[in-house]
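**Q** The numbering used here numbers the first residue of the sequence shown as 1 and each following residue consecutively.
No residue lacks a Cβ here, since even glycine has one placed at the ideal position from N, Cα and C.
Computed from a prediction, not measured in an experiment: that's the story for all the values here.
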Amino acid sequence: MKSNLNTITKGVSYLLTGLGIDWKHDKNFIETPKRVARAMVELNDGLYNPYERFTSFPSTYNGIIFFKSIKATALCPHHLMPIEYDISFAYIPNGTVLGLSKIPRIIKNLCQRPVLQEDLTNDIVKKFADKLQPKGIAIEVRGIHGCMKFRGIQEAEIVKTAQLYGLFLTAPQTREEFYNLITK
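1) Is it buried or exposed, S186, if we count other Cβ atoms within 10 angstroms and call 16 or more buried?
2) Give the straight-line distance between the Cα atoms of F89 and A162, rounded to the nearest whole angstrom.
3) Using the Cα positions of Y51 and K127, report the straight-line distance between them to the nearest angstrom.
4) Report the three-state DSSP secondary structure of I182 (helix, strand or coil).
5) List, from N- to C-terminal side, the alpha helix (DSSP H) runs of 4 residues or more that fit wholly inside the segment 31 to 57.
6) Check whether the segment 144 to 151 and the segment 87 to 106 touch, using three or more Cβ-Cβ pairs below 8 Å as the test.
7) Start and end of the beta strand (DSSP E) containing T161?
8) Rounded to a whole number of angstroms, what is the C-alpha to C-alpha distance between L188 and N122?
9) Terminal residues of the continuous beta strand (DSSP E) containing I87?
10) Across the segment 59 to 67 and the segment 42 to 51, are there enough close Cβ pairs to call them in contact, namely three or more that are closer than 8 Å?
11) Given that a residue counts as buried once 16 or more other Cβ atoms are within 10 Å of its Cβ, and exposed if not, what is G143?
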């Protein structure tokens, strides 16, 4: 899939015209269609450039590897409004560990597309499960949705989704350890 800046720019110009904004003559709006087009491509980079560099290393470590607060931004597929994410992620390796910087890169890349929070949560687990075959994965995704904050109900509620895989699902003490790490 490839983006088309000209098509996006044209669409934004129609949007501004539809809103009754004389964007062609107002210095504040003249470049807006191009700016919005570039921003949309940037916000959706995960559609065009999926991050696939799973640099891993052999390891005998068998404890939890935990990230408490990975910050990411996505777009709501229903309104194309921003969603601010704060993601806690953990996995238990199975003879292989992933380069630490790869974990937030992969998660942020999966966020860079219009996607439901529920599906994003599933997609992150599936990606790491398929590539690493770890003993367990746990994720909690907290999102503040622009479509709720700025329109409709106009509330900035935090929406949480979570998914457990492997030992985090089958071993209660491991699951408890994950949730304790989040709250500390």
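**A** Working from what's here:
1) Look at the range of the chain in this structure, 1 to 184, and you will see that residue 186 is not part of it.
2) Residue numbering aside, residue 89 sits at position 89 when the sequence shown is read from its first letter. Residue numbering aside, residue 162 sits at position 162 when the sequence shown is read from its first letter. Each residue's alpha carbon lies about 10 Å from the other.
3) The count along the sequence shown starts at 1 and reaches residue 51 at position 51. The count along the sequence shown starts at 1 and reaches residue 127 at position 127. Rounded to the nearest angstrom, the gap between the Cα atoms of Y51 and K127 is 11 Å.
4) The count along the sequence shown starts at 1 and reaches residue 182 at position 182. In the structure shown, I182 falls within a helical segment according to DSSP collapsed to helix, strand and coil.
5) Contiguous alpha helix (DSSP H) elements confined to the segment 31 to 57 occur at 32 to 43, 45 to 48, taking only those with 4 or more residues.
6) Taking 8 Å as the limit for Cβ pairs, the verdict is that the segment 87 to 106 does not touch the segment 144 to 151.
7) Walking along the sequence shown from the start, residue 161 turns up at place 161. Counted as a single uninterrupted DSSP element, the beta strand (DSSP E) harbouring T161 occupies residues 158 to 166.
8) Outside the shown range of the chain, which is 1 to 184, sits residue 188, and nothing can be said about it.
9) Mapped onto the sequence shown, residue 87 falls at position 87. Counting along the chain, the beta strand (DSSP E) containing I87 begins and ends at 82 to 92.
10) Output reads no: the segment 42 to 51 does not touch the segment 59 to 67.
11) Looking up residue 143 in the sequence shown gives position 143. With 16 or more other Cβ atoms inside 10 Å of its own Cβ, G143 counts as buried.
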